[in-house]
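247 is the number that my numbering gives the last residue of the sequence shown; the numbers go up by one with no jumps. In this text, a Cβ means the ideal position worked out from N, Cα and C, and glycines have one as well.
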Amino acid sequence: MAAVELIFPDLKPDQASLNELEQDWPMFMKKLTSPNPGVLCGFHGWVLTENGRNVRDENKKVVVFEWDKVESFTSFITTSQFAEFAASIGHLFTGPPRPQLFRTDTSPKDAASVGKMEILRLTVQNSEATALALQIWEDISVYLKTCYQEGVTVSYGKSQNLADEIVVGLIGWHALENQSIETSGTGLEGFIEKLKSLGELSCMGVGLEDMKLPPVQGL
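Structure follows, in structure tokens:
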């Protein structure tokens, strides 16, 4: 199991905020991860599509972290190191970030490292729907790996820190032509419809790049 944090901060719409974020991103991340409180790997980038709509020009930031354990995340957000990081970057956003923590079946590293990844988040109403959604994701994983073997990476799990119960699935396509096949009405579409029957489904395509992080303290 892996502890995966997704962040979708709301960047202020002015060009100056965007420029500052891009220019000072390495400094902000140094404040966050030096010393490293337990982040095994990290990726950042932009939302490219959302529910089939091209949103790259809307500058929607996305950050993906894998933590060594859930407890590292929950303890870190109470520390002065986190408070100082938040104070340094907070003026660039319309409000405080709302990190979403998930416990997934596998590390997101392989899915995120391909550069372009799909993030599917399903909001459900009860534990029964959660269990059904996780079973569908297991079926999706088997289906895609059977069709594309090493050409696709899938990770999925459920939320740990949110008021709403959310099931997330991450799909990393190592060959974009395979993604094109699956978005043209083949087998994956049936699984997506099953997920939609359980709750509210949000589908994002994101472009990511690897973040160079210092080693975790004590490792």
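Span separating the alpha-carbon of K58 from that of F93: On the sequence shown, position 30 is the one that residue 58 refers to. On the sequence shown, position 65 is the one that residue 93 refers to. Cα-Cα distance, rounded: 14 Å.
- request: Answer yes or no: do C231 and N79 have a C-beta to C-beta separation smaller than 8 Å?
  value: Locating residue 231 in the sequence shown gives position 203, where the first residue counts as 1. Locating residue 79 in the sequence shown gives position 51, where the first residue counts as 1. Going by C-beta atoms, C231 is nearer than 8 Å to N79.
- prompt: Whose CA, out of S135, V234, L162, E146, lies closest to the CA of K193?
  reply: One-based indexing of the sequence shown puts residue 193 at position 165. The question names Lys, but residue 193 in the sequence shown is Glu. If we check each option's Cα against that of E193, L162 comes out closest.
- request: For V195, count neighbouring Cβ atoms within 10 angstroms of its own Cβ and tell me buried if that reaches 16, exposed if not.
  value: Reading the sequence shown from its first residue, position 167 is the one you call residue 195. V195 comes out buried.
query: Does the Cβ of G197 have 16 or more other Cβ atoms within 10 Å, making it buried, or fewer, making it exposed?
result: Here residue 197 corresponds to residue number 169 of the sequence shown, with the count starting at 1. That one is buried.
Three-state secondary structure (DSSP) of T174: Position 146 of the sequence shown holds residue 174. Reduced to three states, the DSSP call for T174 is helix.
query: What's the C-alpha gap between D38 and F113?
result: Translated into positions along the sequence shown, residue 38 becomes position 10. Translated into positions along the sequence shown, residue 113 becomes position 85. Looking at the two C-alpha atoms, the distance is approximately 16 Å.
field: As assigned by DSSP and simplified to three states, the class of K144
entry: Stepping through the sequence shown from its first residue, residue 144 is reached at position 116. Here K144 sits in strand by DSSP.
field: Check whether V67 and V75 have beta carbons under 8 Å apart
entry: As a position in the sequence shown, residue 67 is number 39, starting the count at 1. As a position in the sequence shown, residue 75 is number 47, starting the count at 1. No, the pair does not count as a contact, with Cβ atoms beyond the cut-off.
- prompt: With burial defined as no fewer than 16 other Cβ atoms inside 10 Å of the residue's Cβ, what is the status of M55: buried or exposed?
  reply: Numbered from its first residue, the sequence shown carries residue 55 at position 27. With fewer than 16 Cβ atoms within 10 Å of its Cβ, M55 is classed as exposed.
message: If I measure Cβ to Cβ from E237 and keep anything under 8 Å in the same chain, skipping five residues before and after, which residues do I get?
response: Here the question's residue 237 lines up with position 209 in the sequence shown. The answer, listed in chain order, is F71, H72, G73, G143.
- request: Less than 8 Å between the CB atoms is what I'm expecting for V182 and S169, so what's the real figure, rounded?
  value: Taking the first residue of the sequence shown as position 1, residue 182 is located at position 154. Taking the first residue of the sequence shown as position 1, residue 169 is located at position 141. Going by Cβ atoms, the distance from V182 to S169 rounds to 4 Å, so yes, they are a contact pair.
field: Buried/exposed call for K240, threshold 16 Cβ in 10 Å
entry: In the sequence shown, counting from the first residue as 1, residue 240 sits at position 212. Its Cβ having fewer than 16 others within 10 Å, K240 is exposed.
field: Contact check, L60 vs V98, beta carbons under 8 Å
entry: On the sequence shown, residue 60 is found 32 positions in, with the first residue counted as 1. On the sequence shown, residue 98 is found 70 positions in, with the first residue counted as 1. Result no, Cβ atoms of L60 and V98 do not sit closer than 8 Å.
- prompt: Is it true that the CB of M29 sits closer than 8 Å to the CB of R126?
  reply: Within the sequence shown, the letter at position 98 stands for residue 126. Within the sequence shown, the letter at position 1 stands for residue 29. In this structure, M29 does not lie closer than 8 Å to R126 by Cβ.
- prompt: Taking the Cβ atom as the reference point for each residue, do D133 and G200 lie within a distance shorter than 8 Å?
  reply: Working through the sequence shown from its first residue, we reach residue 133 at position 105. Working through the sequence shown from its first residue, we reach residue 200 at position 172. Against a cut-off of 8 Å, the Cβ pair of G200 and D133 comes out as no contact.
- prompt: If you follow the alpha helix (DSSP H) that Q51 is part of, which residue opens it and which one closes it?
  reply: Position 23 of the sequence shown, counted from the first residue, corresponds to residue 51. Per DSSP, Q51 belongs to the alpha helix (DSSP H) from 43-61.
DSSP state of D38 mapped onto helix, strand, coil: What you label residue 38 is simply residue 10 of the sequence shown in a count that begins at 1. In this structure, D38 counts as coil in the three-state DSSP scheme.
task: Could you tell me whether the Cβ atoms of K173 and C69 are closer together than 8 Å?
output: Looking up residue 173 in the sequence shown gives position 145. Looking up residue 69 in the sequence shown gives position 41. For K173 and C69, no; Cβs fall outside 8 Å.
task: State the DSSP-derived secondary structure class of T134, mapped to helix, strand or coil.
output: Residue numbering aside, residue 134 sits at position 106 when the sequence shown is read from its first letter. Coil.
task: Could you name each continuous alpha helix (DSSP H) segment of 4 residues or more that falls completely within the segment 219-247, going from the start of the chain to the end?
output: none
message: Considering only the alpha carbon of each residue, which of L34, E86, A157, V32 lies closest to L46?
response: The sequence position of residue 46 within the sequence shown is 18, counting from 1. Of the candidates L34, E86, A157, V32, the one whose C-alpha sits nearest the C-alpha of L46 is E86.
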